[in-house]
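Numbering (numbering that gives the first Met the number 0), first residue to last: 0 to 595. A quick write-up on the structure given underneath.
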Amino acid sequence: MRRSFSSLLVLAHVGCALSFASLARADFSDWGDDPGGATYVYSNRAAAIPWENEMGDWFDAAGDPQGSEPFATFTILRNTTRFEVDVTTLVQQWADGTLRADGFYLRSSSGTANLHSREADDPAVRPTLELDTDEGTLVLDAEADTGISRSTVQPQGGNRTYGLGTALVRFPRAEIVGKTITGARLVMHRSSPTGGDTQLQVLACRQPRDVLPVEHGFAKDFERDQGIASHPDVYAAMDFSGDSWTADHPLWSARGGTVIDETSAVDVANGFEPLDGPAVRWGFAEGANGGGGATLSFFSLPENERPEELYSRYYVRFGKNFTPTVDGGKMPGFSFRPDSQSPSCNGGSPDIAGTKCWSARGSFTLMAPAGNPFEGFFGLGYYVYHTQQSGPYGSGWRWNIGYEGMVTEGRWYAVEEYVRINTTGQPDGVLRAWVNGRLVFQRTDILFRNSDHIRVGQVWYNIYHGGTAKAPHDMYFWVDNLVVAKSYVGPLGGVPDAPPLLEDGTLVPGPGTGGTSGGGAGGSGGGNSGGSGGNSGGSSGSSSHADGDASDDGGCGCRTAGGSSALSPWGVGALALAWLLRRRARGSKRGAEQTS
């Protein structure tokens, strides 16, 4: 299903989802021609999903990625207006499942031509695909098309014409797959029949990406984290039950937020469903930048005992009102900043020398715009102050290995981050991230420090909205099952793996479904849809002090607008069943688990 907001039943503690409001969409392709669509860098600019190769990815007729053997070639004569290309060989492979029907990748091997797009004023000149089948001849209209060029970073999908160059054209997959096709012709029109001849090559668009396997860590040996604090690699574990959030602990230097459970009507109305009992609520009040949080600090340890590598795993569930519509922001991550009041590594004052501090915060982008394949989703990433950055503000690195770094409201996600500080003076520092146990980010060439005393000083569980932009409305999320350790933690033990976001070309499950990612309780329906927009770079801001900890700023984000969709009658029934299952399945919450 393209993750439009529809009501799903998510079976408690089962980790699977069934859509009753709409069938899963099997025609997903992440490139589109909406305002946040394809460019020469991104297959989906609003979601910050890059092509594997600049100017797009394709299969050739030999089945080779980025190969040189076209499925078809055609000479567009300089005085030609209408032309058609025999694309039978490629379309037959789409029909029989040899290749996914992700669209035509058209490129010029010599010459250029301007072509009419599906937005052309005259319907007669828009691209069509003529199919000869055993049921007769079908004529399909393009469902998406765009030109891509290194001359602009902006998506061109809304234009009435595009250049060739390079162009992408896609037709409805459901009208192709499974049919017996004896002939296929791509029909297009030149918008300005001037200039020389153009040599057209036809290749097959290549996407979506492979689904990576789930990586399990030592948490697999502790059912739902029970007793996980006893593992020798664990610095701290928190489940927010009893007094675990307020009890003394040598490493917690700040703890904020509100511990809630299913008796909190406000949170339940906003989409809260327990993962395994109480959770802590963090987020932004309308008009705020800072949003509470906590800090785990290693500065109380002797310098030589402070870690040089660290893992942080937590579960997060975004509320219905967590719809980033003005700017992106910061999420939990790592840092070394001994003096929290110092302007260094904060708000556009980086320690370029690598002798004072660094930070690698998590981040969130804005929602993909309406009409985008990821409508209603926003991306996670890192926002990093490091010695190699090109300007006064940190580097924004989206988690874009595969699609698991795209998240939405109404489900629990297992987020795990890893940092390894570089060898002093050598660019070999490492950042990794996993969502639901699937790798979403890896970089191994970072220069955090040029001084031996700099290590991992803190794990920041605080958050920040912007940039300078304030939260346009209340925006809240919940965190549970937090573990900080010396080795990879992985998703909860004793529960099924969360399904991948994309499976067999289908986005599953949809946003607004409630339920879990990793085996928690079933949840509520409804959701939010995105508006218009795209990515933007880092904007500046000011320091925010929340619950005793200073949060550095500097922005990330894109522009979009939000909306909502109602819970369907199917969804109401699903909620009732999920609630009953959850009540039967939930035992008492385990006790507090912390150790230093």
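Glycine included, C-beta positions come from ideal geometry on N, C-alpha and C. All values reported here derive from a predicted model rather than from experimental measurement.
{"Item": "Determine the burial state of Gln155: buried for a count of at least 16 other Cβ atoms within 10 Å of its Cβ, exposed for fewer.", "Value": "buried"}
{"Item": "In whole angstroms, what separates the C-alpha of Gln92 from that of Asp101?", "Value": "12 Å"}
{"Item": "Exposed or buried, Gly404, counting other C-beta atoms within 10 Å across all chains shown (16 or more means buried)?", "Value": "buried"}
{"Item": "Compare the beta carbon distance of Pro601 and Thr364 with 9 Å and say whether it is the shorter of the two.", "Value": "Since the first residue shown for the chain is 0 and the last is 595, residue 601 is missing from the structure and cannot be characterised."}
{"Item": "Per DSSP, which one or two residues make a beta bridge with Gln200?", "Value": "Thr72, Arg106"}
{"Item": "Compute the beta-carbon to beta-carbon distance between Val258 and Phe239, rounded to the nearest angstrom, for a pair I have assumed lies under 8 Å.", "Value": "5 Å"}
{"Item": "How is the alpha helix (DSSP H) around Asp326 delimited, first residue to last?", "Value": "It is not in any alpha helix (DSSP H) - Asp326 carries neither H nor E in the DSSP assignment."}
{"Item": "Considering only the beta carbon of each residue, do Ala641 and Asp232 sit closer than 9 Å?", "Value": "Nothing about residue 641 can be reported from this structure: the residues present for the chain run from 0 to 595 only."}
{"Item": "Would Gly466 be called buried (16 or more neighbouring beta carbons within 10 Å of its own) or exposed?", "Value": "buried"}
{"Item": "Just to confirm, is the Cβ distance from Arg442 to Arg431 under 9 Å?", "Value": "yes"}
{"Item": "Roughly how far, in whole angstroms, is the beta-carbon of Ser450 from the beta-carbon of Gly353, given that I think they are within contact range, below 8 Å?", "Value": "7 Å"}
{"Item": "Tell me whether Asp95 is buried or exposed, calling it buried when 16 or more other Cβ atoms sit within 10 Å of its Cβ.", "Value": "exposed"}
{"Item": "Under a Cβ-count criterion, where at least 16 other Cβ atoms within 10 Å of its own Cβ denotes burial, should Tyr402 be classed as buried or exposed?", "Value": "buried"}
{"Item": "So, with DSSP's three-state summary, where would you put Ala228?", "Value": "helix"}
{"Item": "Between the alpha carbons of Ser299 and Glu142, how many angstroms are there, rounded?", "Value": "59 Å"}
{"Item": "Going by the CB atoms, is the gap between Glu222 and Gly493 shorter than 9 Å?", "Value": "yes"}
{"Item": "Return helix, strand or coil for Arg172, following the three-state DSSP convention.", "Value": "helix"}
{"Item": "Could you say which of Pro34, Ala47, Tyr460 lies nearest to Leu295 if we only look at CA atoms?", "Value": "Tyr460"}
{"Item": "Could you tell me whether the Cβ atoms of Phe170 and Asp140 are closer together than 9 Å?", "Value": "yes"}
{"Item": "Start and end of the beta strand (DSSP E) containing Ala236?", "Value": "233-237"}
{"Item": "Can you look up Val152 in the DSSP assignment and give me helix, strand or coil?", "Value": "coil"}
{"Item": "Under 8 Å: do the stretch 114-121 and the stretch 156-163 share three or more Cβ pairs, one atom per stretch?", "Value": "yes"}
{"Item": "For Trp93, which three-state DSSP category applies?", "Value": "helix"}
{"Item": "List the DSSP bridge partners of Pro64.", "Value": "Phe58"}
{"Item": "List, from N- to C-terminal side, the alpha helix (DSSP H) runs of 4 residues or more that fit wholly inside the stretch 366-424.", "Value": "none"}
{"Item": "Looking at C-alpha atoms only, which residue of Tyr382, Gly276, Phe373, Gly375 is the closest neighbour of Trp357?", "Value": "Tyr382"}
{"Item": "From Thr269 to Ser362, what distance separates their C-alpha atoms?", "Value": "Residue identity check: residue 269 is Asn in the sequence provided, not Thr. One C-alpha to the other measures close to 22 Å."}
{"Item": "Would you call the CB atoms of Asp29 and Phe373 closer than 9 Å?", "Value": "yes"}
{"Item": "From Gln206 to Glu416, what does the alpha carbon distance come to, in whole angstroms?", "Value": "27 Å"}
{"Item": "Out of curiosity, what's the CA-to-CA distance linking Val40 and Tyr310?", "Value": "31 Å"}
{"Item": "Please state the DSSP three-state secondary structure of Asn113.", "Value": "strand"}
{"Item": "Sort out for me which residues DSSP pairs Pro49 with in a bridge.", "Value": "Tyr41"}
{"Item": "Could you check if Ala413 is buried or exposed, using at least 16 other CB atoms within 10 Å of its CB as the buried criterion?", "Value": "buried"}
{"Item": "With DSSP as the reference, please indicate the residues paired to Leu300 in a beta bridge.", "Value": "BP columns for Leu300 are empty, so no partner."}
{"Item": "My output table needs one value for Ala183: the three-state DSSP class, helix, strand or coil.", "Value": "strand"}
{"Item": "Does the contact criterion of 3 or more C-beta pairs under 8 Å hold for the stretch 387-397 versus the stretch 57-70?", "Value": "no"}
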